[in-house]
Amino acid sequence: MPRSVTSALAAPLAPFVDALPRPSRLIAAEHDGRLTVRIRAGRHKFHRDLPASSIWGFEGLIPGPTIEAERGQPVTVEWRNELEGPFPVCDTVAPEATDPDGVPVQCVPGLSGGEPDRHSAGLTGNTVVHLHGALTPASYDGWAENIFAPGQTAVFHYPMDQRAALLWYHDHVMGITKFDVYAGLAGLWIVRDERERELALPEGPPFEVPLLIQDRNFDTDEQGRLTGRLVHKTDPEVMEAFPPFTVVNGKVWPVLDVQPATYRFRVLNGSNARTYRLVLVHEGERALDRIAQVGTDHGLLRAPTPVPADGLVLASAERADLLVDFSDLDVGSELTLLNTARAPFDGATFPAVDAEKAADLEGLLPYPQVMRVRVVPGTAGRRSIPHELATDYDTPPADALSIAPRRMIALVEREVDDGPNMLTLRELGVAGDNHAGPLVTIRDGEQTSRYRSVAAHFEDTTTFFPMLGEYEVWQLINLTGDTHPIHLHLDPFQILSRRPIRYEIPEGAIGERDLAATVTLERDADDELEHAIDENERGLKDTIRVNPNEIVEIAVRFTAYSGRYMYHCHILEHEDRDMMRPFVTMAPELMPFMA
Ligand SMILES: [Cu+2]
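Here my numbering is used: the first residue of the sequence shown is 1425, the next is one more, and so on.
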């Protein structure tokens, strides 16, 4: 190693010079619930000192307009695909993982010797829109293969029969979601309801601030100057892109002016792959006690909760609704939001007190800064935080869970000789006594269960047919070295448990479809993770982190809509590389007629 790779890099862009943009608002009620959104190419400045970048965006914007809807008031969106090539992002695989100085190539701009990929360069703008977190009939859910080409339009009806929450809409095309979202195809969608209004939570500007956090990289010219062209770069050792520049609402490291008051931050991690662990720092001290988390993926928690002591962890697609108190601060005070999570994220901790020293090139985290908050004059003050928030959900009833169908899913990474690894969700069926093929054996105390892999790839036969109205328990077993945020479309779920496992996979036992493994539900001797459920995960979730050496159990109940949906890892490079599977929700009366 030519020099220490833990030393920080000088940033090629000045931090905290651009004001945090407020995404434009599209309030459905002002349009009688009928919206038209054009999906088009555009130009966008990610930073004051960067040339404008070519992008694809909803209305040509990054982020797309924030759509605001009311619970119980349906919204119809005419999604008009007016995209046109060339594809605005240069995709490349650098030939080496580090540059001649030993710096990981993903920590620096430019192509690092990689060739532009010609297949992605040929993309002209096929798209399909998924509204993440929405209770949507299957026809309008954005099935990854139901694509509309440039010049075509899709009219989707969203019933909005769901609790208030921060949702987001984004492209979901089979195999290229990672490119289309990276090019800019993402926007926020806020559902509001009466319960939130009773609690008098801030609504709209200036005190409610959506924060869409993403990471991006840019090309360089022959002189090494940033050109603004978006670059999606991976390397031979890491299949996910972990770009060095953190972008909030479309600006690199922006600054937000706040009055001395309580603000509501609606935070979404919209990055392809990066997990953030957010720490707020004021005058060198962590200031996490200024933050109360009131909501998660599907809206309000039952009670406000502090963020975890090490910081707020958000993997791709996870959301947090935060009340942040700046009311006691003098004008001119500055606070910085930092990220302390290494990439690829594996659940490892990092003390919040060291957040200012979190730069870690080996951890693909050259610049921990996310954004700055600056206190400016104003008259508003502190808001009291209600002790009781949501009253409309409880833990799933034990008697329903005791008879619930249990579905076992193993998260598996298979090495491929001539390409990046494949990641799959292996659906496991109980193996009969006379089953002769490879087995997954799971030991939980005295009990031993034997399974076989019944589905691995997206196009394999559907094996999950949940019945509407009935609880199910899904068990997610991580047999890989990284954390995967697993997302279910349609209804939210609740986490029941997170437990350590140790496992053995015999040489060559991860086949194209087959899988052999022995999993024991006890802690491995070298396992340092806590495998705890954070307080802020005890709400209604649609995306859950499954860490290495871990089994996560969730309880889900599909309620209203029958049809074909998907569940998948929300690391976009993983879902595009086959970490996605279908399920079909069924009305119980139809089950007797299923062959
Ligand atoms: Cu994954």
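Even glycine gets a Cβ: it sits at the ideal position worked out from N, Cα and C.
Just to confirm, does residue i get its C-beta within under 8 Å of one of the non-hydrogen atoms of ligand 1?
i: D1906; result: yes
i: C1514; result: no
i: L1444; result: no
i: M2015; result: no
i: M1990; result: no
i: P1909; result: yes
i: H1556; result: no
i: M2010; result: no
i: H1596; result: no
i: L1761; result: no
i: H1998; result: yes
i: I1995; result: yes
i: M1846; result: no
i: L1835; result: yes
i: M1663; result: no
i: M2056; result: In the structure as shown, the chain begins at 1425 and stops at 2019. Residue 2056 is therefore absent and cannot be evaluated.
i: M2003; result: yes
Our contact map puts residue i next to residue j with C-beta atoms below 8 Å; I'd like the distance itself, whole angstroms only.
i: T1548; j: D1604; result: Actually they do not touch by this definition, with Cβ atoms about 12 Å apart.
i: V1691; j: R1743; result: 6 Å
i: L1761; j: R1688; result: Not confirmed; about 15 Å, so no contact.
i: L1654; j: P1512; result: 6 Å
i: T1819; j: G1893; result: At roughly 18 Å, the Cβ-Cβ gap does not stay under 8 Å, so T1819 and G1893 are not in contact.
i: L1444; j: L1450; result: Wrong, their Cβ atoms sit about 19 Å apart, outside the cutoff.
i: Q1638; j: V1671; result: 5 Å
i: L1759; j: V1797; result: 4 Å
i: D1915; j: R1981; result: 6 Å
i: V1676; j: T1764; result: So it is not a contact: roughly 19 Å between Cβ atoms.
i: E1369; j: A1521; result: Since the first residue of the chain shown is 1425 and the last is 2019, residue 1369 is not available in this structure.
i: R1467; j: E1506; result: Their Cβ separation, rounded to whole angstroms, is 15 Å, which puts R1467 and E1506 out of contact at 8 Å.
i: L1609; j: D1595; result: 4 Å
i: A1711; j: V1705; result: 6 Å
i: L1998; j: H1911; result: Sequence check: residue 1998 is His here, not Leu. Actually they do not touch by this definition, with Cβ atoms about 11 Å apart.
What are the partner residues of residue i, as DSSP defines its beta bridges?
i: T1729; result: Q1717
i: L1747; result: R1688 and A1716
i: A1665; result: Paired residues: none, contrary to the question.
i: A1443; result: V1679
i: G1538; result: Paired residue(s): none; G1538 is not in a bridge.
i: Y1989; result: F2007
i: Q1793; result: L1762
i: V1501; result: L1459 and F1580
i: R1449; result: T1490
i: M2015; result: DSSP, once it has assigned bridges, lists no residue as partnering M2015.
i: D1659; result: V1662
i: A1979; result: V1897 and Q1918
i: T1941; result: According to the sequence as given, residue 1941 is Ala; it is not Thr. Paired residues: V1864.
i: E1928; result: T1942
i: R1698; result: The partner list for R1698 (beta bridge, DSSP) is empty, contrary to what the question assumes.
For residue i and chain C, any beta-carbon pair shorter than 9 Å?
i: P1732; result: Going by chain labels, chain C is absent from the structure shown, which holds only one protein chain.
| Stretch-stretch touch, CB-based, cutoff 8 Å, three pairs: the segment 1621-1630 with the segment 1520-1538 | no
| query | Does the pairing of the segment 1912-1926 with the segment 1957-1968 give three or more beta-carbon distances under 8 Å? | reply | yes
| said: Pairs of beta-carbons, one from the segment 1678-1696 and one from the segment 1725-1735, closer than 8 Å: are there three or more? | reply: no
| query | Does the segment 1581-1597 come within contact of the segment 1498-1505, defined as at least 3 CB pairs closer than 8 Å? | reply | yes
| Touch check for the segment 1950-1966 and the segment 1876-1896: three-plus C-beta pairs under 8 Å? | no
| Counting Cβ pairs, one atom from each stretch, are 3 or more of them under 8 Å apart for the segment 1844-1851 and the segment 1975-1990? | no
| query | On the three-pair Cβ rule with 8 Å, is the segment 1934-1952 touching the segment 1784-1798? | reply | no
| task | Examine the Cβ distances between the segment 1853-1872 and the segment 2001-2017 and report whether three or more of them are shorter than 8 Å. | result | no
| task | Determine, using beta-carbon pairs with one atom in the segment 1830-1837 and one in the segment 1898-1911, whether at least three such pairs fall under 8 Å. | result | yes
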